[in-house]
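Read through the structure below, which is laid out as structure tokens, and then see the notes.
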Amino acid sequence: MKVISFSALLSLSVYTLSLAAPVSETKSIRDLEGLEGQLEIFQLFTSDTQNDVVDNKPCEAVTLIFARGTVESGNVGALVGPPFFAALALDIGPKKLAVQGVDYPADIPGFLIGGSPSGSSTMAKLIDRAVAQCPNTKLVLSGYSQGAQLVHNAAKKLSAATAAKITSIVFFGDPNEGDPVRGVSPSNVLTICHAKDNICEGGIMVSGEHLNYGVDAMAAATFVKGKVGL
951 MKVISFSALL SLSVYTLSLA APVSETKSIR DLEGLEGQLE IFQLFTSDTQ
1001 NDVVDNKPCE AVTLIFARGT VESGNVGALV GPPFFAALAL DIGPKKLAVQ
1051 GVDYPADIPG FLIGGSPSGS STMAKLIDRA VAQCPNTKLV LSGYSQGAQL
1101 VHNAAKKLSA ATAAKITSIV FFGDPNEGDP VRGVSPSNVL TICHAKDNIC
1151 EGGIMVSGEH LNYGVDAMAA ATFVKGKVGL
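Printed below as a string of structure tokens:
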């Protein structure tokens, strides 16, 4: 397990405060206090590994199962997962969110065949386990790059009853952009693909536009918050 530098997470906080300029010394103090609170939340997600489901942590209002991209470390990676988790925790409250990563090879051959078969099965099993352990949790699925392929594949392995538990799905840099998710309404799916991201166009070239989806963490969190009703 690695600890991720949270400079990317810090940038989310700085960006939030920059949206509105301070109008008084009192407001500036409040902003600084708010920044401290945000940093505390960010520090909860500086690891590339999250195992709230497999470690049988207490049930939370929302359970997010996330699949990292190709060659990323741990089971949630560093580029997209941690910024997204922090942004969502800021929106709904850190004590309402459980996060589980998907352990799978995340290698290039897996991407080239449409997503690791073993990883897809592992993700489906994690979804089933999350629902069994916490039947009242709001289930959210997300994946980045090959992780998005896993979400598509895992959904095909779920029962209709389990699929009905999925409140929202967020794809980042989805190689299968435009493909429906079995059992999930398109209105509950957000696909974030950058212009000129060749991976989203069905290609195999990785550019800077495919590596900076962390900047979309807040937009993704806002979408999920609206779907889970918190």
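Residue numbers for the sequence shown follow our numbering, so the first one is 951 and each next one is one higher. Glycine included, every Cβ here is placed at the ideal spot set by N, Cα and C.
Would you kindly work out how many angstroms separate the C-alpha atoms of residue 1048 and residue 1066, rounded to a whole number?
Mapped onto the sequence shown, residue 1048 falls at position 98. Mapped onto the sequence shown, residue 1066 falls at position 116. So the two alpha carbons sit approximately 24 Å from each other.
Can you tell me whether residue 1151 is buried or exposed, with buried defined as 16 or more other CB within 10 angstroms of its CB?
The sequence position of residue 1151 within the sequence shown is 201, counting from 1. With fewer than 16 Cβ atoms within 10 Å of its Cβ, residue 1151 is classed as exposed.
Report the rounded CA-to-CA distance for residue 1164 versus residue 1082, giving the unit in angstroms.
Taking the first residue of the sequence shown as 1, we reach residue 1164 at position 214. Taking the first residue of the sequence shown as 1, we reach residue 1082 at position 132. For residue 1164 and residue 1082, the distance between alpha carbons rounds to 31 Å.
With a 10 Å radius around its C-beta and 16 neighbouring C-beta atoms as the bar for buried, classify residue 1096 as buried or exposed.
Position 146 of the sequence shown, counting from 1, holds the residue named residue 1096. By the neighbour-count rule (16 or more Cβ atoms within 10 Å), residue 1096 is buried.
Look up residue 1048 in the DSSP assignment and say whether it is helix, strand or coil.
Here the question's residue 1048 lines up with position 98 in the sequence shown. Strand at residue 1048.
Compute the Euclidean distance between the alpha carbons of residue 1069 and residue 999, then round it to the nearest angstrom.
Position 119 of the sequence shown, counted from the start, is the residue given in the question as residue 1069. Position 49 of the sequence shown, counted from the start, is the residue given in the question as residue 999. So the two alpha carbons sit approximately 15 Å from each other.
Classify residue 1025 as helix, strand or coil using the three-state DSSP reduction.
On the sequence shown, position 75 is the one that residue 1025 refers to. Here residue 1025 sits in coil by DSSP.
Take the Cβ of residue 1008 as the centre, count every other Cβ of all protein chains shown within 10 Å, and call the residue buried at 16 or more, exposed below.
Taking the first residue of the sequence shown as position 1, residue 1008 is located at position 58. Looking at its Cβ environment, which holds fewer than 16 other Cβ atoms inside 10 Å, residue 1008 is exposed.
My parser needs the alpha helix (DSSP H) runs of 4 or more residues fully inside the region 1040-1094; what are they?
Counting only runs of 4 or more, we get 1058-1062 and 1067-1083.
When you compare each of 1071, 1112 and 1104 to residue 1087 by their alpha carbons, which one comes out closest?
On the sequence shown, residue 1087 is found 137 positions in, with the first residue counted as 1. Out of 1071, 1112 and 1104, 1112 has the C-alpha closest to the C-alpha of residue 1087.
On the DSSP bridge list, what partners appear for residue 1141?
Within the sequence shown, the letter at position 191 stands for residue 1141. The partner list for residue 1141 (beta bridge, DSSP) reads 1121.
Under DSSP, the beta strand (DSSP E) around residue 1100 begins and ends at which residues?
Reading the sequence shown from its first residue, position 150 is the one you call residue 1100. Premise fails: residue 1100 lies in the alpha helix (DSSP H), 1096-1105, not in any beta strand (DSSP E).
Residues in its own chain within less than 8 Å of residue 1155 by CB, not counting five upstream and five downstream?
Translated into the one-based positions of the sequence shown, residue 1155 becomes position 205. Cβ neighbours of residue 1155 beyond the five flanking positions: 1148 and 1149.
Is the beta carbon of residue 1091 less than 9 Å from the beta carbon of residue 1142?
Translated into the one-based positions of the sequence shown, residue 1091 becomes position 141. Translated into the one-based positions of the sequence shown, residue 1142 becomes position 192. Contact: no.
Assuming residue 1016 is part of the beta strand (DSSP E), what are its boundary residues?
For the purposes of this step, residue 1016 is taken as the residue at position 66 of the sequence shown. Here the beta strand (DSSP E) through residue 1016 covers 1012-1017.
Compute the Euclidean distance between the alpha carbons of residue 1125 and residue 1109, then round it to the nearest angstrom.
Counting from 1 along the sequence shown, the entry for residue 1125 is found at position 175. Counting from 1 along the sequence shown, the entry for residue 1109 is found at position 159. Approximately 24 Å between the Cα atoms of the pair.
Please classify residue 1123: is it buried, with 16 or more other beta-carbons within 10 angstroms of its beta-carbon, or exposed?
If you number the sequence shown from 1, residue 1123 lands on position 173. Burial call: buried.
Can you tell me the Cβ-Cβ gap for residue 1050 and residue 1076, rounded? I've got them flagged as a contact below 8 Å.
Translated into positions along the sequence shown, residue 1050 becomes position 100. Translated into positions along the sequence shown, residue 1076 becomes position 126. With 8 Å as the limit, residue 1050 and residue 1076 qualify as a contact, their Cβ atoms being about 6 Å apart.
Using the Cα positions of residue 1159 and residue 1135, report the straight-line distance between them to the nearest angstrom.
Mapped onto the sequence shown, residue 1159 falls at position 209. Mapped onto the sequence shown, residue 1135 falls at position 185. C-alpha separation (whole angstroms): 28 Å.
CA-CA distance, residue 1080 and residue 1012?
Here the question's residue 1080 lines up with position 130 in the sequence shown. Here the question's residue 1012 lines up with position 62 in the sequence shown. In a straight line, the C-alpha of residue 1080 is about 10 Å away from that of residue 1012.
Hey, how far is the Cα of residue 1058 from the Cα of residue 1157?
For this step, residue 1058 is matched to residue 108 along the sequence shown. For this step, residue 1157 is matched to residue 207 along the sequence shown. Using only the alpha carbons, I get a separation of about 15 Å.
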